[in-house]
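Using the working numbering, read the sequence shown as starting at -11 and increasing by one per residue.
Positions of the beta carbon are idealized from the N, C-alpha and C atoms, including for glycine.
If you're wondering where the values come from, they're calculated on a predicted model, not measured in any experiment.
Structure first, then comments.
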Amino acid sequence: MNKKGVTLIEMIVVMVIIGLGALLFVPNISGFLPSYRLRGAARDIVSTMKNAQVRAVSTGMTYRVRFTQTPPSFVLEYFDTGSGNWVAEGTSQSLPTGISIVSINFTGDNAQFNSNMTASAGSIRLQNNRGTQKVVSVASSTGRIQLQ
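Rendered as structure tokens:
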């Protein structure tokens, strides 16, 4: 007897095993997505705030991160002393699907960063569609940004 290949039955058995494994694994992945999206959104906000802080110190200008609750988004802006207006630096960033802004506790919904390393104190609370929350807060005197 020549055993150079695999039989059709062996192929079907392997495919059934792979299919069953996929059926058990895929639902578990979908359960983790809301948490990953929430964590990613919070980290994006922290990163944008730290970027605003660094730019404020390095350029001597005032920067802020402006938040919008509906639709949930944020944008980095700087104050143009020549025109007296806030100018967006880049485009507005929308939060991922299923992530909402529960509360914004910054004056005027803006986290402001000054050239002397101070900032406007406050926090923003994010929530995923499963009710899990993350809070990004800023301390006024030190400008420290924390993710909780």
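Buried or exposed for residue i, please, with buried defined as at least 16 other CB atoms from any protein chain shown within 10 angstroms of its CB.
{"i": "T79", "result": "exposed"}
{"i": "N73", "result": "exposed"}
{"i": "L64", "result": "buried"}
{"i": "K38", "result": "exposed"}
Please report the Cβ distance between residue i and residue j, rounded to the nearest whole angstrom; I am assuming they are in contact, meaning their Cβ atoms lie under 8 Å.
{"i": "Q136", "j": "S125", "result": "7 Å"}
Identify, in the order they occur along the chain, each residue of the same chain with its Cβ nearer than 8 Å to the Cβ of residue i, setting aside the five sequence neighbours on each side.
{"i": "S103", "result": "A44, V45, T47, G48, M49, T50"}
{"i": "I33", "result": "V53, F62, I112, L114, V124"}
{"i": "L31", "result": "According to the sequence displayed, residue 31 carries Arg and not Leu. Closer than 8 Å at the Cβ level, and outside the excluded window around R31, lie L135."}
How about residue i and residue j: do their beta carbons lie closer than 9 Å?
{"i": "N93", "j": "G119", "result": "no"}
{"i": "S91", "j": "P59", "result": "no"}
{"i": "L114", "j": "L26", "result": "yes"}
{"i": "S61", "j": "F67", "result": "no"}
{"i": "A99", "j": "R132", "result": "no"}
{"i": "G19", "j": "P84", "result": "no"}
{"i": "Q57", "j": "I89", "result": "yes"}
Which residues in the same chain as residue i place their Cβ atom closer than 6 Å to its Cβ, once the five residues preceding and following it in sequence are excluded?
{"i": "Q134", "result": "S125"}
{"i": "F101", "result": "A40, Q41, A44, Y51, A107"}
Look up residue i in the DSSP assignment and give the residues it is bridged to.
{"i": "Q134", "result": "S125"}
{"i": "G110", "result": "V126"}
Ordered along the chain, which non-local residues of its own chain (more than five positions away) have a Cβ less than 7 Å from that of residue i?
{"i": "G86", "result": "P22, R25, N116, N117"}
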